[in-house]
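Asks: Sharing a structure with you now.
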Amino acid sequence: RPEIIDTLGLESAIEELLDNYRRNDYQINFECDVDVLKLDNKEKITIYRILQEAITNILKYADTKTFDVSLKEAKDQFIFVISDNGKGFDVS
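Everything in the sequence shown is counted per the numbering used here, starting at 525 for the first residue and increasing by one.
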């Protein structure tokens, strides 16, 4: 369980995580339009862990230093998007 979520809150914990990469010349855009107080602890941890894994995959496979992270609400849905401009892969 990431203690940083308890001490800083989800949004600040994500910013701190992303800042670690920004210090190494990664260009990361982060947008949060969610009332994170509505999320329970399990949801917060899940979001944080998904983001950690996605960043690991971007660094490992995408061959890029630019990516975006977005947390939004739409009606009764929570939308979490992580995108990069990496090299992609051959779907065939």
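Ideal Cβ placement from N, Cα and C applies to all residues, glycine included.
Below 8 Å on the Cβ atoms is my contact criterion, and I expect residue 593 with residue 552 to pass it. Report the Cβ-Cβ distance as a whole number of Å.
Replies: 7 Å
Asks: Inspect the beta-carbon positions of residue 591 and residue 582 and report whether they are closer than 7 Å.
Replies: Residue 582 sits close to residue 591, with the two beta carbons spaced by under 7 Å.
Asks: Going along the chain, which residues of its own chain have a beta-carbon closer than 7 Å to the beta-carbon of residue 605, five neighbours each way excluded?
Replies: Counting only Cβ-Cβ distances below 7 Å, and skipping sequence neighbours, we find 594.
Asks: Apply the 10 Å Cβ neighbour rule to residue 608 and answer buried if 16 or more other Cβ atoms are within range, or exposed otherwise.
Replies: buried
Asks: Would you kindly work out how many angstroms separate the C-alpha atoms of residue 611 and residue 540, rounded to a whole number?
Replies: 26 Å
Asks: What is the DSSP secondary structure of residue 534, reduced to helix, strand or coil?
Replies: Reduced to three states, the DSSP call for residue 534 is helix.
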